[in-house]
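Position 116 of the sequence shown, counted from 1, bears residue number 116 in the numbering used here, the numbering being contiguous throughout. C-beta: ideal position from N, C-alpha, C; glycine also.
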Amino acid sequence: MERTLSIVKPDGVKENAIGEVIKRFEQKGMRIAALKMLRMSKDDAKGFYIVHKERPFYDSLTAFMSEGPIVVMVVEGDNAIVKVREIMGATNPKDAAPGTIRADLASDIEHNIVHGSDSKESASYEIPYFFSALEIC
Ligand code: UDP
Ligand code: MG
1 MERTLSIVKP DGVKENAIGE VIKRFEQKGM RIAALKMLRM SKDDAKGFYI
51 VHKERPFYDS LTAFMSEGPI VVMVVEGDNA IVKVREIMGA TNPKDAAPGT
101 IRADLASDIE HNIVHGSDSK ESASYEIPYF FSALEIC
């Protein structure tokens with residue numbers, strides 16, 4: 001059993017795709033262990049994506065991630081980290097396999113609907129960024 005942090009990004013919330021994202025996780029056997037909606041400040045987003053601070057897209061990405069509410073969730077299951085990323089599809093929707101969330105719903109490489117931790121190390125930074133132990137069921 002493994003836990004990962006997933007986010008329905010501001011574009012996904014705006015497009016009423018919260019339920020669609022959760023449905024796809026649940027239909028692939030994942031369990032939602034924690035869930036909430038919030039809006040990050042620009043600094044919150046910078047802290048969340050601190051690993052990307054030297055990347056050219058850091059400023060634009062953190063502006064996008066703080067432009068509206070997001071839904072953050074802890075997703076639990078066997079191999080949850082890899083499985084959630086498979087369900088999401090590649091970062092760039094143009095490269096994402098058909099049937100993945102990003103292939104089906106995302107508009108471009110930045111506005112790609114959904115986030116999922118990419119490793120155990122990321123998950124152990126990202127889960128407590130949003131949730132206390134008491135909030136994870
Ligand atoms: N991103 C972007 N331009 C790029 C690469 C990434 O705007 O060239 C954005 C995109 O929203 C992506 C996020 O930055 O989801 C984090 O990038 P990462 O490489 O970690 O992709 P992910 O793990 O989300 O697939
Ligand atoms: Mg990533």
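Pro93 classed as buried or exposed, judged by whether at least 16 other C-beta atoms fall within 10 angstroms: buried
Cβ neighbours of Tyr49 in the same chain (closer than 8 Å, five flanking residues each side left out): Tyr58, Leu61, Thr62, Met65
Ala34 (DSSP reduced to helix, strand or coil): strand
Gly68 beta carbon near the ligand NAD (any heavy atom closer than 8 Å): This structure does not include the ligand NAD; its bound ligands are the ligand UDP and the ligand MG.
Any non-hydrogen atom of the ligand MG closer than 8 Å to His115 Cβ: yes
Inter-stretch contact (C-beta, 8 Å, three-pair minimum) for the region 95–113 and the region 31–42: no
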